[in-house]
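In full-length UniProt numbering, the protein residues as written are 1 to 337. The beta-carbon is built from N, C-alpha and C at its ideal position, and this holds for glycine as well. No experiment lies behind these values; they were computed from the predicted model shown. To keep things clear, I will list the structure first and then write my remarks on it.
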């Protein structure tokens with residue numbers, strides 16, 4: 001292995017430390033979410049949590065393979081590229097499963113109109129099937145035979161033009177970022193229509209809108225995708241480009257998972273704070289905690305209010321409430337004197 005490759009491998013390895021920081025944060029917030037949903041929330045674990053768990057598992061597996069790929073650069077450059085491609089193939093769908101989980105959560109909490117529900121849920125599912133799956137498939141079938149992509153000296157492959165895979169990746173990743181922004185902005189629009197103090201609106205909007213960060217990372221990563229077209233220059237160039245995209249994909253997924261799990265982890269945070277403030281008081285049964293610890297942000301009596309918000313970001317919606325798409329199409333009734 002030449003000196004330039006050794007230096008590149010060392011630099012890449014140090015850069016991957018950042019990846020594992022985001023992976024650790026995603027793992028912690030995911031565990032807190034599972035604890036909250038399992039022991040502190042009335043709903044318990046559901047499909048949303050299963051999809052999030054699957055996305056987290058895919059991303060963790062991709063991060064492990066990417067790290068092994070970096071370590072292999074100084075030993076076997078072909079193996080490094082092979083591991084890097086498999087890592088990218090796992091990280092790509094990991095972008096979408098958390099999005100579907102977020103979509104289900106927003107639909108359950110916000111109760112939007114029919115077409116908004118369809119767009120929120122069907123949109124990412126179709127993107128996964130029609131954009132992500134083809135992008136991953138092209139990554140491997142673009143060379144014949146397939147192993148020639150990471151071992152061209154042995155197999156002498158015939159490959160498609162690199163820009164084909166790049167163009168499909170750009171479309172898929174642009175769609176991914178678009179949904180990140182939509183899912184982050186929509187709650188703020190809904191909450192801003194509610195009768196809440198401005199500070200509360202800002203607090204909830206920020207907490208539910210952390211996906212903007214992952215969307216911004218996705219936009220930046222999409223701008224880097226053309227470097228994948230340099231794969232024909234050398235194996236070293238192909239490995240370097242694959243590692244760079246894989247790293248940013250892992251980071252993006254980590255941010256998505258963290259952004260989706262932080263709001264649902266609030267019951268654990270409140271439990272810790274309550275324990276620290278009331279060391280001498282008994283907490284009681286875990287299943288009773290959300291009701292006992294909740295404070296209504298919309299100060300209307302729950303019997304007469306059509307919507308009220310709890311500080312664990314759960315929204316309770318009365319049957320009379322009608323959320324028409326992006327706006328609230330009702331007027332809350334004042335409580336009787």
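- Residue 77 counts as buried, since no fewer than 16 other beta carbons sit within 10 angstroms of its beta carbon.
- Residue 184 and residue 174 have their C-alpha atoms roughly 16 angstroms apart.
- Three or more Cβ pairs drawn from the region 234-249 and the region 85-93 lie within less than 8 angstroms of each other, which places the two stretches in contact.
- In this structure residue 44 is exposed. Its beta-carbon is surrounded by fewer than 16 other beta-carbon atoms within 10 angstroms.
- Leaving aside the five residues that flank residue 125 on each side, the residues in its chain whose CB is nearer than 7 angstroms to its CB run, in chain order, 100.
- Rounded to the nearest whole angstrom, the C-alpha separation of residue 192 and residue 207 is 14 angstroms.
- Looking at the backbone, the Cα of residue 197 and that of residue 230 are separated by about 53 angstroms.
- Taking the Cα of residue 261 as reference, the smallest distance to any Cα among 205, 219, 20, 53 is reached at 53.
- Burial of residue 36 is indicated by the presence of at least 16 other C-beta atoms within 10 angstroms of its C-beta.
- The alpha carbon of residue 134 has as its nearest neighbour, out of 188, 165, 199, the alpha carbon of 165.
- Leaving aside the five residues that flank residue 222 on each side, the residues in its chain whose CB is nearer than 7 angstroms to its CB run, in chain order, 170, 173, 174, 177.
- If you draw a 10 Å sphere on the C-beta of residue 154, you find fewer than 16 other C-beta atoms in it, and that means exposed.
- Contact between residue 265 and residue 33 holds: CB atoms are separated by about 5 angstroms, below the 8 angstroms threshold.
- Of the residues assessed, residue 114 falls on the exposed side of the cut-off, its CB having fewer than 16 other CB atoms within 10 angstroms.
- For residue 127, same chain residues with a beta-carbon under 6 angstroms away, outside a window of 5 residues either side, are 175 in chain order.
- Residues of the same chain with a CB within less than 7 angstroms of the CB of residue 214, apart from the 5 flanking positions on each side, are 180, 252, 255, 256, 259 in chain order.
- Runs of beta strand (DSSP E) with 3 or more residues, each lying fully within the region 99-149, are absent.
- 55 is the residue among 167, 55, 21 whose C-alpha sits nearest the C-alpha of residue 96.
- Burial check for residue 49: the Cβ neighbour count within 10 Å reaches 16 or more, so the residue is buried.
- Excluding sequence positions up to five before and after residue 142, its CB lies within less than 6 angstroms of the CB of 159, 160, 165, all in the same chain and listed in chain order.
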